[in-house]
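**Q** Convert by adding 26 to the 1-based position in the sequence shown; the result is the number in this note's numbering. Using N, Cα and C, we set each Cβ at its ideal position, and we do this for glycine too.
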Amino acid sequence: MLTASPGGRTRFRSTWLLACGGLGGSLAALAFLRGPRGVALRARAARQDEVQAPVLQHFIAESPLLRGTKVGGDDAPTVFLVAPPSEQLTTYVLEDPAGPFKGTLEWPERLFDDVDGKNEPDVADHAPGSWKKWSFQFSKREPFMLKADWHSVHGWGEKFDIFVPRKNAVVPVRQAPPRVLALVEAFRKVNTACWQQITSGLQELQEQKPDDILRCRLLKMLIEEFQERGFFGAIEAQAGPARRKEMHWHRDGATGLLHLGITLSGRRRLQLRARSDDDSWTQELWMDAGHVYLSSPFLFEHSITYAAESSDSGPTLALMCRFGFLDEEDAQWVNHFRGRDMLEVVELISGCLRNATDAGKLRMPTLSEVSAMEKQLAT
Numbered sequence: 027m028l029t030a031s032p033g034g035r036t037r038f039r040s041t042w043l044l045a046c047g048g049l050g051g052s053l054a055a056l057a058f059l060r061g062p063r064g065v066a067l068r069a070r071a072a073r074q075d076e077v078q079a080p081v082l083q084h085f086i087a088e089s090p091l092l093r094g095t096k097v098g099g100d101d102a103p104t105v106f107l108v109a110p111p112s113e114q115l116t117t118y119v120l121e122d123p124a125g126p127f128k129g130t131l132e133w134p135e136r137l138f139d140d141v142d143g144k145n146e147p148d149v150a151d152h153a154p155g156s157w158k159k160w161s162f163q164f165s166k167r168e169p170f171m172l173k174a175d176w177h178s179v180h181g182w183g184e185k186f187d188i189f190v191p192r193k194n195a196v197v198p199v200r201q202a203p204p205r206v207l208a209l210v211e212a213f214r215k216v217n218t219a220c221w222q223q224i225t226s227g228l229q230e231l232q233e234q235k236p237d238d239i240l241r242c243r244l245l246k247m248l249i250e251e252f253q254e255r256g257f258f259g260a261i262e263a264q265a266g267p268a269r270r271k272e273m274h275w276h277r278d279g280a281t282g283l284l285h286l287g288i289t290l291s292g293r294r295r296l297q298l299r300a301r302s303d304d305d306s307w308t309q310e311l312w313m314d315a316g317h318v319y320l321s322s323p324f325l326f327e328h329s330i331t332y333a334a335e336s337s338d339s340g341p342t343l344a345l346m347c348r349f350g351f352l353d354e355e356d357a358q359w360v361n362h363f364r365g366r367d368m369l370e371v372v373e374l375i376s377g378c379l380r381n382a383t384d385a386g387k388l389r390m391p392t393l394s395e396v397s398a399m400e401k402q403l404a405t
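Dropping the structure here:
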């Protein structure tokens with residue numbers, strides 16, 4: 027729901043959509059059951075829950091593999107996967123009592139101003155009010171936006187040192203809000219088979235040329251990421267802008283080799299330069315609240331256009347989940363590593379994602395799975 031502040035600025039207020047007797051209540055009611063019948067009912071409920079889960083699909087069905095920028099002399103194969111928006115999951119994350127988005131958000135005035143360019147070095151960039159609690163700052167590169175860096179690995183604790191691309195350094199970041207953490211951990215869990223396949227493939231590539239120092243350096247850091255659950259481990263939370271903004275075309279660093287993008291509110295348009303089977307080079311996708319995509323923006327040029335806030339959507343809230351690299355020197359080095367060894371890695375990751383998607387095995391977690399993960403992580 028949107029409410030107007032006394033100063034005329036629009037504020038976004040998320041609304042809880044689930045009734046007490048909804049999906050979560052019906053599953054909780056099974057807890058008292060005992061014996062074989064109870065086990066059978068729980069198993070049946072789990073199967074039904076999985077069927078209801080939003081399944082990731084190819085953005086261009088007739089062209090599951092797109093061709094992006096040059097890697098190792100060839101056009102890099104990449105996938106662009108989307109999931110049907112889940113209003114329940116979006117609301118669940120926004121209504122986290124411990125998170126930054128609960129209730130009426132006080133949007134800083136700067137998000138509504140026609141600001142462009144970069145912040146001056148001496149400009150204070152900390153966001154005011156409740157935003158500061160969750161480490162939001164005005165972006166140095168895009169001062170019309172708030173950004174915060176979190177990690178999404180429960181085992182890393184309340185604070186952990188990871189590579190933050192916009193700072194080009196390893197810095198301590200705080201753990202994501204409980205329900206954001208639960209969502210990403212649940213996404214990893216329900217798609218374990220795909221991540222295991224990628225890890226096994228990376229290990230096989232490593233064994234092929236054990237004496238190739240640079241190749242082994244690349245593969246070692248990626249294998250470590252999957253073993254430490256660091257994929258999607260670095261989250262950049264973005265808020266704003268409230269005015270229409272068109273960003274410059276760019277390509278992400280290697281943290282975007284595997285990237286999960288989640289839109290919580292607002293509206294954004296993504297344009298990407300990647301060739302489809304009909305030789306179309308520029309693809310376009312509008313993303314509204316609840317929209318999720320999985321791709322590799324390390325492999326293609328892209329641009330984001332933010333729609334002006336409206337009475338229906340409010341300013342944009344989005345989560346960018348990327349690799350959480352642990353070593354600063356490795357992270358800076360791999361950004362420029364685009365030879366044949368990287369091409370093999372790209373082919374492996376894109377192939378595994380395509381196969382899992384074609385088989386209908388890559389999906390978002392359901393609300394009950396995320397809720398169960400939140401409870402598990404809290405104990």
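Do you know offhand how far PRO126's Cα is from SER397's?
**A** A direct Cα-Cα distance of roughly 18 Å separates PRO126 from SER397.
**Q** Got a sec, what are the start and stop residues for the alpha helix (DSSP H) PRO204 sits in?
**A** From DSSP, the alpha helix (DSSP H) with PRO204 extends over 204 to 216.
**Q** May I have the straight-line CA-CA distance separating PRO90 from ASP304, to the nearest angstrom?
**A** 12 Å
**Q** Does DSSP put ALA357 in a helix, in a strand, or in coil?
**A** helix
**Q** Roughly how many angstroms lie between the CA atoms of VAL318 and ASP238, to the nearest whole one?
**A** 38 Å
**Q** Using the three-state DSSP reduction, which class does VAL97 fall into: helix, strand or coil?
**A** strand
**Q** Whole angstroms is fine: what's the gap from SER226's alpha carbon to CYS378's?
**A** The C-alpha of SER226 lies about 11 Å from the C-alpha of CYS378.
**Q** Using CA atoms only, rank isn't needed, just tell me which of ASN361, SER112, PHE349, ALA260 is closest to SER291.
**A** SER112
**Q** What's the C-alpha gap between PRO103 and ARG192?
**A** 26 Å
**Q** Cα-Cα, which of PHE349, ASP278, TRP160, GLN232 is closest to ILE330?
**A** Among PHE349, ASP278, TRP160, GLN232, the Cα nearest to that of ILE330 belongs to ASP278.
**Q** Relative to the C-alpha of VAL119, which residue among ARG205, ARG294, ARG380, ARG241 is closest?
**A** Nearest to VAL119 by C-alpha distance, out of ARG205, ARG294, ARG380, ARG241, is ARG205.
**Q** Can you give me the Cβ contacts of MET18 inside the same chain, cut-off strictly under 6 Å, excluding the 5 residues immediately before and after it?
**A** What the structure shows of the chain is the stretch from 27 to 405, and residue 18 is not part of that stretch, so it cannot be assessed.
**Q** Starting from the Cα of LEU209, find the closest Cα among ASP314, LEU345, GLY350 and give me that residue.
**A** LEU345
**Q** Closest to ALA195 by CA distance: which of LEU352, ASN381, GLU168 is it?
**A** Minimum Cα distance to ALA195 is reached at LEU352.
**Q** Straight-line CA distance for LEU311 to ARG200?
**A** LEU311 and ARG200: Cα-Cα distance of roughly 31 Å.
**Q** Run the CB neighbour count on ASP384, radius 10 Å, all protein chains shown included, and call it buried at 16 or more, exposed below.
**A** exposed
**Q** Given PHE85, which residues of its chain have a CB within under 6 Å of its CB, disregarding the five upstream and five downstream residues?
**A** Closer than 6 Å at Cβ, skipping near neighbours: PHE106, VAL108.
**Q** Please look up how many angstroms separate the CB atoms of LEU296 and MET313, rounded, as I've assumed it's under 8 Å.
**A** 6 Å
**Q** Alpha carbon to alpha carbon, how far is PHE189 from LEU298?
**A** 25 Å
**Q** Who are the Cβ neighbours of ASN361 in its own chain at under 7 Å, not counting the five residues just before and after it?
**A** Same-chain partners within the cutoff: GLY279, ALA280.
**Q** I think LEU403 touches GLU211, with their Cβ atoms under 8 Å apart; what is that distance to the nearest whole Å?
**A** Cβ-Cβ separation between LEU403 and GLU211: approximately 7 Å, consistent with a contact (criterion under 8 Å).
**Q** Given a threshold of 16 other Cβ atoms within 10 Å of its Cβ, counted over all protein chains shown, does LYS173 qualify as buried or as exposed?
**A** That one is buried.
**Q** List the endpoints of the continuous beta strand (DSSP E) containing VAL197.
**A** Judged by DSSP secondary structure, VAL197 falls within the beta strand (DSSP E) whose first and last residues are 195 to 201.
**Q** Beta-carbon separation of MET368 and LEU244 under 8 Å?
**A** yes
**Q** Under 8 Å between the Cβ atoms of ALA202 and SER178?
**A** yes
**Q** Mind pulling the beta strand (DSSP E) runs of 3 or more residues that sit fully within the stretch 292 to 367?
**A** Taking only runs of at least 3 residues, the beta strand (DSSP E) segments lying wholly in the stretch 292 to 367 are 294 to 299, 308 to 313, 318 to 321, 327 to 332, 343 to 348.
**Q** What do you get for ARG60, buried or exposed, if any count of 16 or more other CB atoms within 10 angstroms of its CB means buried?
**A** Because ARG60 sits at a pLDDT of 33, beneath the cut-off of 50, its placement in the model cannot be relied upon, and the following sentence gives the value as read from the coordinates. Under this definition ARG60 is an exposed residue.
**Q** Quick check on this structure: which residue in ARG294, ARG380, TRP157, ASP100 has the alpha carbon closest to the alpha carbon of SER321?
**A** Of ARG294, ARG380, TRP157, ASP100, the residue nearest in Cα terms is ARG380.
**Q** For PRO103, which three-state DSSP category applies?
**A** strand
**Q** Between the alpha carbons of LEU248 and GLU254, how many angstroms are there, rounded?
**A** 10 Å
**Q** With 16 other CB atoms within 10 Å as the buried threshold, where does GLN264 fall?
**A** buried
**Q** Buried or exposed: which applies to GLY282, given that a residue is buried once 16 or more other Cβ atoms fall within 10 Å of its Cβ?
**A** buried
**Q** As a quick exercise: from THR405, VAL216, GLN229, pick the residue whose alpha carbon is nearest that of ALA79.
**A** VAL216
**Q** Is DSSP giving LEU286 helix, strand or coil here?
**A** strand
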